[in-house]
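Take a look at the structure set out below.
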Amino acid sequence: MKLIEGEYVKKIFHHHLTPFLYTLLKLFIGFAPFVFLYYFLMPVVSSLVFFILVLILILLFLITLAYVSLIYWLDRLYVTNFRVIYVDYKYLTIKDEASAYLKDIEDILTHEHGFLSYFRFFDYGVVKMDTPSSYVTIIFEDAPNPEGIRQFIMEARKNVL
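In this text, residue positions in the sequence shown follow this note's numbering: the first is 732, and each later residue adds one.
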């Protein structure tokens, strides 16, 4: 992400914590069958082989956990004094960047997840920003307090116009 001359970052938005916790739960559930498999292998193999197998499983789990965490937390929505920039990591080495000038943003739609969004722990959703040509559409999923982000961008937009 490169800033243009005279541009500065006003605020950075990260993903909400709750969807990340769901992802971690899925990761634990994904590794659970292997733990049970190791439990059944314990009487069959020697203690040294069992220890090595458990070490490999723990190492794979930690690597997967670190990778999922990095991908999730590297995604950011930057609001500058001129633009809105969304950095979305698909993989650790591949990222997509989308930016739209504040003056070009025509519509900001938000979607929150039902009744539970009244509670801060479940207050996350989607923020979608469209430009007049709809060539640039920024979709920020798992956004914390989507309505607050919309209001912040609209206020920053007023200062530009």
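Backbone N, C-alpha and C fix where the C-beta goes; we use that ideal spot for every residue, glycine too.
Remember, it's a predicted structure, so these values are computed and weren't measured experimentally.
Which listed residue (Pro875, Lys834, Leu788) has its alpha carbon closest to that of Asp806: Pro875
Measure the Cβ-Cβ separation of Phe781 and Leu772 and say whether it is below 8 angstroms. In this structure, Leu772 lies closer than 8 angstroms to Phe781 by Cβ.
Going along the chain, which unbroken runs of the beta strand (DSSP E) with 3 or more residues stay wholly within the region 773 to 811? 807 to 811
Looking only at C-alpha atoms, which of Thr811, Leu790, Ser830, Leu833 sits nearest to Tyr739? Thr811
So, at 6 angstroms on beta carbons, what are the nonlocal neighbours of His842 in its own chain, with the 5 sequence-adjacent residues on each side left out? Gly856, Val857
Tell me, please, whether the region 820 to 831 touches the region 880 to 892 by the rule of three or more beta-carbon pairs shorter than 8 angstroms. Segments in contact, no.
Spatial distance of Phe744 from Tyr770 (CA atoms): 43 angstroms
Return the first residue and the last residue of the beta strand (DSSP E) that Glu872 is part of. 868 to 875
Using the DSSP secondary-structure output, state which residues sit across from Leu756 in a beta bridge. Paired residue(s): none; Leu756 is not in a bridge.
Which of the three DSSP states is assigned to Asp819 in this structure? strand
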